[in-house]
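Colleague:
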Amino acid sequence: QQNFTFTTNQKKFYHLLEEKVVRIKRGIFQGDSLSPLWFCLALNQLSKMLRNSGYGYSLGRRPTVLVSHLFYMDDLKLYAKNSDQLQSMLELVSSFSKSIVMEIGVDKCAILHAKQGKLERHDNIQLLNGAEIQEIEPEKCYKYLGMQQQLDNIQHKKMKEKIEAEYNRRVRKILKSKLTGKNMIRTINQYAVPVIGYTPGIVDWTQEEMQGVDRKQNRKQMNIHGMVHPRVDTNRLYIKRKEGGRGLRSIEGMINIEKLALRDYVNRRRDDRL
Numbered sequence: 001q002q003n004f005t006f007t008t009n010q011k012k013f014y015h016l017l018e019e020k021v022v023r024i025k026r027g028i029f030q031g032d033s034l035s036p037l038w039f040c041l042a043l044n045q046l047s048k049m050l051r052n053s054g055y056g057y058s059l060g061r062r063p064t065v066l067v068s069h070l071f072y073m074d075d076l077k078l079y080a081k082n083s084d085q086l087q088s089m090l091e092l093v094s095s096f097s098k099s100i101v102m103e104i105g106v107d108k109c110a111i112l113h114a115k116q117g118k119l120e121r122h123d124n125i126q127l128l129n130g131a132e133i134q135e136i137e138p139e140k141c142y143k144y145l146g147m148q149q150q151l152d153n154i155q156h157k158k159m160k161e162k163i164e165a166e167y168n169r170r171v172r173k174i175l176k177s178k179l180t181g182k183n184m185i186r187t188i189n190q191y192a193v194p195v196i197g198y199t200p201g202i203v204d205w206t207q208e209e210m211q212g213v214d215r216k217q218n219r220k221q222m223n224i225h226g227m228v229h230p231r232v233d234t235n236r237l238y239i240k241r242k243e244g245g246r247g248l249r250s251i252e253g254m255i256n257i258e259k260l261a262l263r264d265y266v267n268r269r270r271d272d273r274l
């Protein structure tokens, strides 16, 4: 076991005044492009260890495909065929985290037991380091990659309400700013639109809902804040600026484009599991 420590010096300038040097002696610095790569390289070994452990849940009657985990950055979901196996996998994750001077966010963890599509009640899992992971309550959701989920599906209605509320909050915040029209549209495209941009293919958006977001959250809010005229040509809002439009990204168009891109990606893959 070997721990690595590095020091990062960062200098900030504000009104031509130099602040003190920031020394980071533990962890990974956030805010640059290299540190996330270091983070992924450090945790990549954990994914390999879970795959080689032999633990996991078999898909289908033939144990040809064994799913042990889903891993994206620091969000980890474990799959096991029984409680004992899950206990071993959690101990493996806990031991690995300790070796790289990291900790499991127990307060953000939950356990769900299911058999033949139905929830079962079990005791909480106690780790060797004393941490206890609670079992999720019936009828409650858990969150993975920002998505509210239950045993059998994603809670589409709840997710849509949450996503639309956050999108609306960001749009209103931008429209209340003192930005120019060009920069305001650019900020909406870069700060507000990505809230919905990662949901295509995951959240089931209907055409009416997509058009409703464009109509209510974009055009209506712009009208309220005096950015556009009530009788403005709505098509011109979504035309590129170099072609004479305002350059606003259409939510409906963006979601449809992302769905097509996802479809093409799956069709190009030769993996039988897809």
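Under full-length UniProt numbering, the first residue of the sequence shown is numbered 1, with each subsequent residue one higher. All C-beta atoms in this analysis are idealised placements derived from N, C-alpha and C, irrespective of residue type, glycine included. Model, not experiment: these values are computed from the prediction.
#1: Please state the DSSP three-state secondary structure of E243.
#2: Starting from A114, trace the beta strand (DSSP E) both ways and give me its first and last residue.
#3: Which runs of the beta strand (DSSP E), 3 residues or longer, sit entirely within the stretch 104 to 182?
#4: Below 8 Å on the Cβ atoms is my contact criterion, and I expect G245 with I239 to pass it. Report the Cβ-Cβ distance as a whole number of Å.
#5: Could you tell me which residues DSSP pairs with S58 in its beta bridges?
#6: Ends of the beta strand (DSSP E) at K77?
#7: Which of the three DSSP states, helix, strand or coil, is assigned to Y72?
#8: Quick check on the burial criterion: 16 or more other C-beta atoms within 10 angstroms. Buried or exposed for G54?
#9: Per DSSP, what kind of secondary structure is R51 in: helix, strand or coil?
#10: Please identify the residue among T187, M254 and N168 whose C-alpha is closest to the C-alpha of T199.
#11: For L41 and K220, what's the separation of their Cα atoms in angstroms?
#12: Could you have a look at R231 and say whether DSSP puts it in helix, strand or coil?
#13: Identify whether R23 lies in helix, strand or coil by the three-state DSSP scheme.
#14: Just curious, the alpha helix (DSSP H) that N256 is in, first and last residue?
#15: Considering only their Cβ atoms, is the gap separating N168 from R249 smaller than 7 Å?
#16: With a cut-off of 8 Å, do at least 3 Cβ pairs link the stretch 258 to 265 to the stretch 197 to 213?
#17: Ignore the nearest five residues each way along the sequence and tell me which others in K140's own chain have a CB closer than 6 Å to its CB.
#18: Can you tell me whether M73 is buried or exposed, with buried defined as 16 or more other CB within 10 angstroms of its CB?
#19: Which term fits N183, buried or exposed, when burial requires 16 or more other beta carbons within 10 angstroms of its beta carbon?
#20: Starting from the Cα of residue 275, find the closest Cα among L262, I111, Q126 and L128 and give me that residue.
#21: Hey, is the stretch 44 to 59 in contact with the stretch 78 to 97, meaning 3+ C-beta pairs nearer than 8 Å?
#22: Classify H122 as buried or exposed, calling it buried when 16 or more other Cβ atoms lie within 10 Å of its own Cβ.
#23: So the alpha helix (DSSP H) M102 belongs to, where does it begin and stop?
Modeller: Working from what's here:
#1: helix
#2: H113 to K115
#3: 113 to 115, 118 to 120, 142 to 144 and 147 to 149
#4: 2 Å
#5: L66
#6: D75 to L78
#7: strand
#8: exposed
#9: helix
#10: M254
#11: 45 Å
#12: coil
#13: strand
#14: I251 to R268
#15: no
#16: yes
#17: none
#18: exposed
#19: exposed
#20: Residue 275 falls outside the range modelled here, since the chain spans only 1 to 274, and no answer is possible.
#21: yes
#22: exposed
#23: Premise fails: M102 is in no alpha helix (DSSP H) and is neither H nor E.
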